[in-house]
Each structure stands twice: as structure tokens, then as C-alpha cells.
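Numbering (our numbering), first residue to last: 2 to 146.
So, in C-alpha cells, the structure goes:
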């Protein structure tokens, strides 16, 4: 599961579609609708919010908005809390830098035309608030870039 901290406008088509699907799965997990993925580390930051379903709802709504902007049809009715306020989930500068490097590597292989559209500096998705710091502790098996 990869719930990107990067702004959805930075994601190539494959990343945006996969993030939408995985975000919907995360929503289902957070509402208690699955037995799998319940301990997935990417969900820690949503669970740390006062209302995890509001947090994931805001996150999904931002993905859906980007998809609509690009002419895709992501079914917004699948978002349980589409009108949730921005949760301001902290995300570190190190995490954003790591994700941008990770996205660059993926895009270089699968969609080289998108590569020049990636900015030099990472921007956080609307659900997140950027703070100084290293790669997040829930990110497994990486070294701070």
C-alpha cells in the first residue's frame, strides 16, 4: 500500500490510479470493514488524527479532484466523508523528498514522458502539513535521503 504524501498533481496516471484504489482500501480498513491490512504502517498517520475517517475522506477527495481535473472518472460516491476538513497531518520534509525520489524511479521506468513534469522540490498533498524532519518512522527499509 502506498498512500502518497506528495501532492496528487505530481503523480503520474499509474500512481494516481493506484493511490485511489489503495486509499479506498485504507478507508475500508479504517472503518473496520476488513481483516487484512489493519496494521499497515501507512495507516498510522491517519489513525493518529482525531477522526481517521475524516482524514482519509479528505485525502481521497483531493485524489478525486485531481482525477476529475485530468478528465478521469473516479467515483466520488465511494468516499465516505467527502466534505471533511483538511486534517493537517504532519509529514516530514525527509518523507516528501524520499517519496519524490521513489516516484522519479518509478516514472523513469513506466512513463518517461511524465518525468519532466516532476518538480525539483516535493509538495505535500492537501491533507498534510509539512514539517522539518527525516523520513517517517513508518516508512520501512529506507535510509534518509
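The beta carbon of each residue, even a glycine, is placed where N, CA and C say it ideally should be.
In the structure shown, the three-state DSSP call for residue 129 is strand. Under DSSP, residue 7 forms a beta bridge with 125. In the DSSP secondary-structure assignment, residue 90 is bridged to 129. Here DSSP, grouped into helix, strand and coil, assigns residue 60 to helix. Of the other Cβ atoms in all chains shown, fewer than 16 fall within 10 Å of the Cβ of residue 32; this residue is therefore exposed. With respect to residue 28, residue 81 sits close: the two C-beta atoms are nearer than 8 Å.
Cβ contact annotation for residue 10 (same chain, cutoff 7 Å, sequence separation greater than five): 67, in chain order.
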